[in-house]
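Chains as they are written, first to last, in the working numbering: chain A, 1 to 143; chain B, 1 to 221. Following: one structure in structure tokens, then a few remarks.
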Amino acid sequence: MSPLHSISSCPICGGGLCGVRICGLPSARTRQLIAPTDPPFGGEAAPSDIDRGVAPHGLVICDECEAIWLDPDTSTEHQYTDPEDPRCPICRDRLWNGNNHWANVAEIAFLGWENKTDPELDFVPGGLDGPGSGHLNMGGEIV
Amino acid sequence: MNSHPSPQKRRGKKSAAGIAVAILAAAYTFLAPAANERFGWNLPELNDRQQGPAVAQADTAVSADASVSADTARRRSPTATPEAGVDGDPNLKFGLLRDLGGERYLSPAGLQYTRGSAEGHRLKHVERHTADQPSRPGKHGVFDGGMPGALETIDRAYERAKNKQRTTVKQDRDRTIYTVDMGSRVGFVGGQSGRRQRNPMARRVQLVLEDNRVITAYPTN
């Protein structure tokens with residue numbers, strides 16, 4: 001899946017989108033610990049698990065060459081992760097199928113990066129109405 | 001009185017016509033690539049036997065296990081060698097790649113496809129570039145020939161890069177980024193940006209490697 005919102009085309013490989021990804025989201029386990037009465041979990045608690053958590057944080061990742069920026073400015077220094085076992089450089093969670101995903105509008109606002117994305121590069125799933133459409137309509141709650 | 005031209009005159013007319021055809025063919029060969037680049041056309045080459053772009057109109061995920069017979073891939077592959085175990089080996093993935101175990105696959109040119117990428121495996125990532133994603137922002141390079149065609153083209157690009165044939169190289173720490181001019185069409189440019197330009201043909205391959213491991217590869221113009 002393409003990034004929902006991107007900062008720019010990739011200055012490294014030229015063909016990728018430097019998409020905003022939010023990582024360090026609470027896992028189902030942590031959510032259960034914080035709100036143990038929420039379904040579908042019960043009430044068991046292990047507070048030490050919470051201590052291992054990392055606050056949600058943003059990454060900018062090229063969806064082709066996987067160059068990573070910790071800042072929404074792709075002219076700054078980038079880094080790479082292990083190509084066979086890609087990990088978040090901040091929390092070491094799996095980069096692609098950990099507690100993370102391409103950020104939506106609300107999550108980008110949470111990161112404070114709302115003015116950093118390029119509306120021309122917004123992804124509108126299934127939409128061919130032109131770039132930018134839906135930029136303000138893709139809100140979602142922070143999971 | 002004889003109104004018919006002499007055999008010498010007929011031969012002269014034929015050779016003049018032949019020269020004119022040759023001049024036109026040469027002019028077409030010379031000008032077509034420039035016109036394609038300038039206007040985003042897809043004028044065929046005179047000796048072009050390739051099919052048009054295999055455009056999928058939906059952003060569908062395709063399985064890395066979709067395979068073409070080894071015979072088909074062998075016929076297509078100029079780089080396949082008996083050393084790579086291509087001939088008659090039905091166990092090759094996509095008719096081309098040798099299974100090294102641990103989800104690692106080796107191409108005849110020496111490229112490795114391993115785990116990694118958002119799709120879980122580099123082959124699945126490359127497979128994204130065998131069909132258009134019209135709603136993807138920006139460009140999306142699409143290889144001709146499905147997965148076997150893509151793997152073959154990537155191998156040819158790697159061979160050309162190793163031989164420094166019409167290749168630009170950028171070294172970025174452990175990553176090597178090759179832009180290889182393949183000299184003729186290898187696919188087309190899709191995505192929203194490509195669509196706006198009426199899907200111009202692509203004749204270059206962008207190849208991002210770490211050592212011999214493929215990170216990504218896609219056609220570009």
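We put the CB at the ideal spot given by N, CA and C, even for glycine. Computed from a predicted model, the values in this text were never measured in an experiment.
Give the single residue among the options whose Cα lies nearest to the Cα of residue i.
i, options, result
"residue 5(A)", "75(A), 13(A), 58(A)", "58(A)"
"residue 162(B)", "181(B), 145(B), 149(B)", "181(B)"
"residue 205(B)", "167(B), 104(B), 135(B)", "167(B)"
"residue 210(B)", "84(A), 108(A), 117(A), 116(A)", "84(A)"
"residue 221(B)", "107(B), 207(B), 212(B), 189(B)", "189(B)"
"residue 76(A)", "10(A), 2(A), 109(A), 1(A)", "10(A)"
"residue 79(A)", "172(B), 200(B), 133(B)", "172(B)"
Quick one: grab the DSSP three-state call for residue i.
i, result
"residue 210(B)", "strand"
"residue 27(A)", "coil"
"residue 62(B)", "Note that residue 62(B) scores 32 on pLDDT, short of 50, meaning its location in the model is unreliable and no value can be drawn from it."
"residue 144(B)", "coil"
"residue 192(B)", "helix"
"residue 117(A)", "coil"
"residue 140(A)", "Low local confidence applies: a pLDDT of 36 at residue 140(A) is under 50, so the model's placement there is unreliable, and no value is given."
"residue 118(B)", "coil"
"residue 160(B)", "helix"
"residue 216(B)", "strand"
"residue 44(A)", "Note that residue 44(A) has pLDDT 46, beneath the 50 cutoff, so the model's placement of it is unreliable and the number below is only indicative. In the structure shown, residue 44(A) sits in coil (DSSP, three-state: anything other than H, G, I, E or B)."
"residue 22(B)", "helix"
"residue 98(A)", "coil"
"residue 22(A)", "strand"
"residue 2(A)", "coil"
"residue 109(B)", "coil"
"residue 67(A)", "coil"
"residue 187(B)", "strand"
Which residues mark the beginning and the end of the alpha helix (DSSP H) in which residue i is found?
i, result
"residue 105(A)", "105-111"
"residue 125(B)", "122-127"
Between the C-alpha atoms of residue i and residue j, what's the straight-line distance to the nearest angstrom?
i, j, result
"residue 119(A)", "residue 68(A)", "20 Å"
"residue 118(B)", "residue 101(A)", "10 Å"
"residue 215(B)", "residue 97(A)", "18 Å"
"residue 147(B)", "residue 8(A)", "28 Å"
"residue 197(B)", "residue 27(A)", "43 Å"
"residue 186(B)", "residue 54(A)", "45 Å"
"residue 25(A)", "residue 90(B)", "45 Å"
"residue 43(A)", "residue 113(A)", "Legend: pLDDT at residue 43(A) = 43, less than 50; position of this residue unreliable, no value from coordinates given."
"residue 64(A)", "residue 16(A)", "5 Å"
"residue 126(B)", "residue 18(B)", "46 Å"
"residue 133(B)", "residue 82(A)", "27 Å"
"residue 16(B)", "residue 26(B)", "15 Å"
"residue 179(B)", "residue 208(B)", "9 Å"
May I ask which residues mark the beginning and end of the beta strand (DSSP E) holding residue i?
i, result
"residue 106(B)", "104-106"
"residue 98(B)", "98-101"
"residue 61(A)", "57-62"
"residue 172(B)", "167-172"
"residue 179(B)", "175-181"
"residue 135(B)", "That residue, residue 135(B), is in no beta strand (DSSP E); it is neither H nor E in DSSP."
"residue 156(A)", "There is no way to answer for residue 156(A), as the model of chain A reaches only from 1 to 143."
Along the stretch 85-114 of chain B, where does the CB come closer than 8 Å to a CB of chain A? Name the residues. 114
Give, in chain order, every residue of the stretch 205-216 of chain B whose Cβ lies closer than 8 Å to some Cβ of chain A. 206, 208, 210, 213, 215, 216
Members of the stretch 126-145 of chain B near chain A, C-beta cut-off 9 Å: 133, 134, 135, 136, 137, 138, 139, 140, 141
Listed in chain order, which residues of the stretch 172-184 of chain B have Cβ atoms closer than 9 Å to some Cβ of chain A? 172, 173, 174, 175, 177, 179
At a Cβ cut of 9 Å, what residues of the stretch 2-34 of chain A count as close to chain B, listed as they run along the chain? 2, 3, 6, 9, 12, 13, 14, 15, 16, 17
Quick one: which residues of the stretch 65-98 of chain A get their C-beta closer than 7 Å to a C-beta of chain B? List them in chain order. 65, 66, 80, 83, 84, 86, 96
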